[in-house]
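Student: The listed protein sequences correspond, in order, to chains A and B. Each residue of the first sequence is one higher than the one before, starting from 15 at the first, in the working numbering. Each residue of the second sequence is one higher than the one before, starting from 61 at the first, in the working numbering.
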Amino acid sequence: MPFNILVAVCLTYVILLFLVAFVAERRAQRGRLGWLRSPLVYTLSLSIYCTAWTFYGAVGYAARSGLEFMTIYLGPTLVFVGWWWVLRKLVRIGRAQRVTSIADLISSRYGKSNLLGVVVTLMAVAASTPYIALQLQSVTLSFGVFAAETPEGWALPDQGATALWIAGGLALFTILFGTRNLDANERHHGVVMAIALEAVMKLLALLAVGVFVVWGLADGVGDVLARIDASPIADWPLQPARWAGLTFVSAAAIMTLPRMFQVLVVENADERHLATAGWAFPLYLMLMSLFVVPIAVVGLELMPAGTNPDLFVLTLPLAAGKGKLALLAFLGGFSSATSMVIVAAIALSTMVSNHIVTPLWLALRQGSAREPGDVRGLVLMSRRVSIGAVLAMGYGYYHLSGGSAALASIGLIAFVGAAQVLPAMMGGIFWRGATHVGATAGLLTGFAIWLYALFLPSFGTGGLISPHIMADGPFGIGWLRPQALFGITGLDPLLHAMFWSLALNLLAFVVFSLASFPGPMERLQGVAFVNVFDQAPGARGWARGGAEAEDLLSMSQRILGTEEAQRFFQGQAAGQGKAGYLPDTTPDFIARLERQLAGSVGAATAHAMIAQLSGSASVSVQDLIAVAGEAAEIKEYSAQLEAKSEELARTARALSAANEKLTELSVQKDAFLGQISHELRTPMTSIRAFSEILMESDLSEQMRAKYAEIIHEEARRLTRLLDDLLDLSVLENRKVQLNIGVANLHDLISKAVTAASNTRPERNFVVQRDFSTEHMPVFTDTDRLVQVFINLISNSRKYCDAERGVLRIEVKRRGQQLRVDFIDNGSGIPKKAQGLIFEKFARLTDTSRAGGAGLGLAICREIMANLGGDIDYVPGQGGAAFRVTLPLQRKVPPFDRSGAAQADLNDL
Amino acid sequence: MAQQHVLLIEDEPNIAEAIRFILTRAGWRVSLHGDGSDALALIRDAAPDVLILDLMLPGRSGLEILADLRTDSALAALPVLMLTARGQGRDRDAAERAGASAFLAKPFANADVLDAVRRLAGGQV
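1) Output, in chain order, the set of chain A residues within a Cβ distance shorter than 9 Å of A169(B).
2) At the level of alpha carbons, what is the spacing between Y27(A) and A542(A)?
3) Could you name the residues of the same chain whose beta carbon sits closer than 6 Å to that of T364(A), not counting the 5 residues immediately before and after it, in chain order?
4) Let me see if you follow: with CB-CB separation under 7 Å, is A160(B) close to chain A or not?
5) Between the stretch 139-156 of chain B and the stretch 665-680 of chain A, can you find at least three pairs of beta-carbon atoms closer than 8 Å?
6) Quick check on the burial criterion: 16 or more other C-beta atoms within 10 angstroms. Buried or exposed for H369(A)?
7) For L713(A), does the three-state DSSP call read helix, strand or coil?
8) Using the beta-carbon count (16 or more within 10 Å), is V95(A) buried or exposed?
9) When you compare only the Cα positions, how much space is there between N9(A) and A671(A)?
10) Could you name the residues of chain A that H86(B) contacts, counting a contact when the two beta carbons are closer than 7 Å?
11) Counting pairs of Cβ atoms below 8 Å between the stretch 346-363 of chain A and the stretch 135-147 of chain A, do you hit three or more?
12) Consider the Cβ of T699(A): report whether some Cβ of chain B lies at a distance smaller than 7 Å.
13) For I604(A) and F583(A), what's the separation of their Cα atoms in angstroms?
14) Kindly list, in the order they appear in chain A, the residues whose Cβ is closer than 9 Å to that of M142(B).
15) Taking C-beta pairs closer than 7 Å, name the residues in chain B that I724(A) reaches, listed in chain order.
16) Taking contact to mean 3 or more Cβ pairs, one atom from each stretch, closer than 8 Å, check whether the stretch 431-451 of chain A and the stretch 117-128 of chain A are in contact.
17) For chain A, check one thing: does any of its Cβ atoms lie closer than 7 Å to the Cβ of L174(B)?
18) What in chain A is Cβ-close to A145(B), meaning under 9 Å?
19) Listed in chain order, which residues of the stretch 721-749 of chain A have Cβ atoms closer than 7 Å to some Cβ of chain B?
20) Am I right that L762(A) and T796(A) are in contact with their C-beta atoms under 8 Å? What's the rounded C-beta distance?
21) Are at least three pairs of beta-carbons, each pair with one atom in the stretch 685-703 of chain A and one in the stretch 156-171 of chain B, less than 8 Å apart?
22) Give me the chain A residues within the contact set of A99(B), using Cβ-Cβ distance strictly less than 8 Å, ordered along the chain.
23) Measure from the C-beta of A78(B) to each C-beta in chain A and report whether the shortest distance is under 7 Å.
24) From which residue to which residue does the alpha helix (DSSP H) around A467(A) run?
25) Considering only the beta carbon of each residue, do A177(A) and P272(A) sit closer than 7 Å?
26) Classify A340(A) as buried or exposed, calling it buried when 16 or more other Cβ atoms lie within 10 Å of its own Cβ.
27) Short of 7 Å in beta carbon distance, which residues of its chain neighbour W98(A), apart from the five on each side in sequence? Order them along the chain.
28) Below 6 Å CB to CB, which residues in the same chain sit around S127(A) once its five sequence neighbours on both sides are set aside?
29) Would you check if the stretch 77-85 of chain B and the stretch 115-126 of chain B touch, i.e. whether three or more CB-CB distances between them fall below 8 Å?
30) Is R811(A) near R777(A), with beta carbons less than 7 Å apart?
31) Does the structure place the stretch 180-193 of chain A close enough to the stretch 327-340 of chain A that three or more beta carbon pairs sit under 8 Å?
32) By alpha-carbon positions, which one of Q151(A), A42(A), T665(A), S515(A) ends up nearest to G456(A)?
33) Compute the Euclidean distance between the alpha carbons of F262(A) and G89(A), then round it to the nearest angstrom.
34) Return the bridge partner residues of H760(A) from the DSSP annotation.
35) Please list the terminal residues of the continuous beta strand (DSSP E) segment that includes A433(A).
36) Name the chain A residues that come within less than 7 Å of F81(B), Cβ to Cβ?
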């Protein structure tokens, strides 16, 4: 069997592994997982439990210690057959909490404590590094076996270089397929596929060698059984304590070894795969162990004394000249070693990166703000560096230990180290009272004892621990001797260390947990972990005591808002006759809380949330669909609400405007009433005062006549005012009865001029007209129009301040409009008063001269509005200028009750 | 003793005539003025014993005139009888705040005017 063929086959195999991983990864990316996530692949991936240590070492173990090697298989078998529900709980929690590693599980359970993450990570690295070294050693040794066979003395690179190449290649593979992406679920389909293939390879190889040994070297089953009977293995005494201890520790290891946790929980795609693995994995282990004893017995018999029994699997076929079988066996061992190293590197790098590198980096960079993309890149990079570091440490350990015999026992030592996590893990998922203080205390205690009593002494007396301490204890304290703690001697060193480390670990965990109180986060996580599993599918009612009131309150606060939630809880507690915020979690209360939450998030969502906390009902796909439906409804509803609120805002604006208008009107009304009061009281004052004078005094006839005249005048003024007010009121309410008729405009103006001449008849006043333009018919209430004209002419007679008053009356037609302008030669109306003159009581000058109440122009404006026309002041005409506008075709105002008749008239 | 002097500032000539008649008959010397804009200067010049002031005057309101009076040290103590035709409580309050010594709403009884003026003149003496 030429060595170069071995190398070529080995390389081909590695390339095959790369291809398989690559294809699987591509399929996974396209979502075509298919059989990639079958229970079979899951089961095969679990076989990384069988490392090179089991592949090669089991035979050696059997050759040295008889059937004891069986315990390594017995422990996991017991767990998978009898304790599958623990595994299911772990898997369920792992999926629910998106756990990325065993360190993450512990850290997450104990209130996301990063300290615990760091402790578990460090322990895992410490326990795994020698284990990885052991794998490197096994591959190097197996290479050495083939090299020794090379007749030409093939230039075998030295063993250190081989190990380095292997470590480098594994690092490359792991980095390529282990850090392709940062998936939330942390699954590595390519890697899992490759290790499944390797699992098949190592089983096939071991079975093939076994078959060859039983039926090739020996004469079938009967002969082998006879040989076993004759061999020293049969005489090996069973040590019940070691059996129990080793079975226990390997049972623990299947759950707590970082790489096992990785494939068992993190890479698990479907909880139901556990059901298949429950029988298939023990079967796999059984097949793996089937031929161990025959190979060991035949090997011991046939091989020369001093041959390393660890390598019987290789050396037996080689000695028999079966090069291809040996090659297959080599590939089996190679597979065992590499699959373990790859998964261990992924698991450890995830832990190192998540719990040490990233938090450290973030803490150091806290000052400078970074975008999230950076962190993502950082995590990937730190994973890659961590993988390199893990393998470098493995290689370094191998290099330093020089491939010593100490490595042979490192498998069990690693098991015991990993088992230290067991109390914190089991307590975490089954005991809500477990606290992070307890977990930390237990882990540190166990880890310390493991280091002191097992790991350090494993380098042999005079290794890392001085012979003096080994013999007499540190500082000569006898009961602290590493292998005889507390004065207990004569125990197997492994059992001794295992017993003390786990016992004190457990004790510390329990005592410190009981003595400390969990924080709120820890409580929540504790509930989520411990209750992840108790389900009553389909139940809509709530069992008592499923959820802690505190947890429910904390959840409700997030949904309802702090105040609202606290008010509700306080109210419910008061209803139960309790003070404070925490009512008893009776089914009644929980049902009410669910209804309360349903008001905010919908019934299905509320149910799912409470189910999550109380663990008394599962969240089914139907529930989730209902949740999605509710979300859509809520969205729709909120859109409607938005529209409604916009409408409300508009209404509010309109109301506010109306209110402002009303306020303004109210102010105007007050002012108007004040004005009316003044206008009424003024003439009444004169009337009363002179009446009293007339009654009391002895007046001359002349005075009497004068004062009587004043009373008369003021009485008439009062009457006029009342008439005007009534007129205005009718006009303003558009309730005036219009008497529409036809008249010549010329006649109407003449009538007005004549009537107005009564006003200040003494004045020197001229009216200028152009009769030719005035002759045209107007359809309107002629009396009202004349009233407007009279008012304008009278005003001019009253207020025009020219010595010789001249009023020009101009008539024009503009389209369908008739315009009559009244322009005098006075100084006009001041600009700031022009806007006011049509308001009621807007008197600009002395009342006594005007003799009116200031309602004239206001009445004119109302009349014109009623006639469908208008009246304006026209500035810039030299004197006061008013323009009366009237439609030639009289428009019928809609409020005019005589409108219909008028329309007929217009049609004529 | 010299005849006491009342200055009446009122824009309604008939009301002014009535008050003039009532006070003159009771022995007062009464002078009349009908505009608000130059009233203050006139009051300074005339230095009356009692001032009767209408609230609504053309040119300048009675309240403004009164407020100015009260800041003038020479006239601050002048008794002022305020008249108003609007008859609202607000006007009475405003007049009192501005410093009116007495207040009468129109229409009034002649005897009330006489009483008010007598009281104001007596208070001064």
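Every residue gets a Cβ at the ideal spot worked out from N, C-alpha and C, and that includes glycine.
Tutor: The answer reads as follows:
1) R702, A703, E706
2) 44 Å
3) T114, S115
4) no
5) no
6) buried
7) coil
8) exposed
9) This structure cannot settle anything about residue 9(A), because the visible part of chain A is limited to 15 through 922.
10) In the sequence as presented, His is not what sits at residue 86(B); that position holds Ala. The contacting residues do not exist; A86(B) stays about 12 Å from chain A at best.
11) yes
12) yes
13) 11 Å
14) None at all; the shortest Cβ gap to chain A is about 14 Å.
15) N74
16) yes
17) no
18) S691, H692, E693, L694, R695, T696, M698, T699
19) I724, E728
20) 6 Å
21) yes
22) Residues of chain A passing the Cβ test: none, with the nearest at roughly 14 Å.
23) yes
24) Element bounds for A467(A): n/a, residue is neither H nor E.
25) no
26) buried
27) L288, G292
28) S121, H450
29) no
30) yes
31) no
32) S515(A)
33) 6 Å
34) Looking at the DSSP assignment, H760(A) forms no beta bridge with any residue, so it has no partner.
35) That residue, A433(A), is in no beta strand (DSSP E); its alpha helix (DSSP H) goes 424-433.
36) I707
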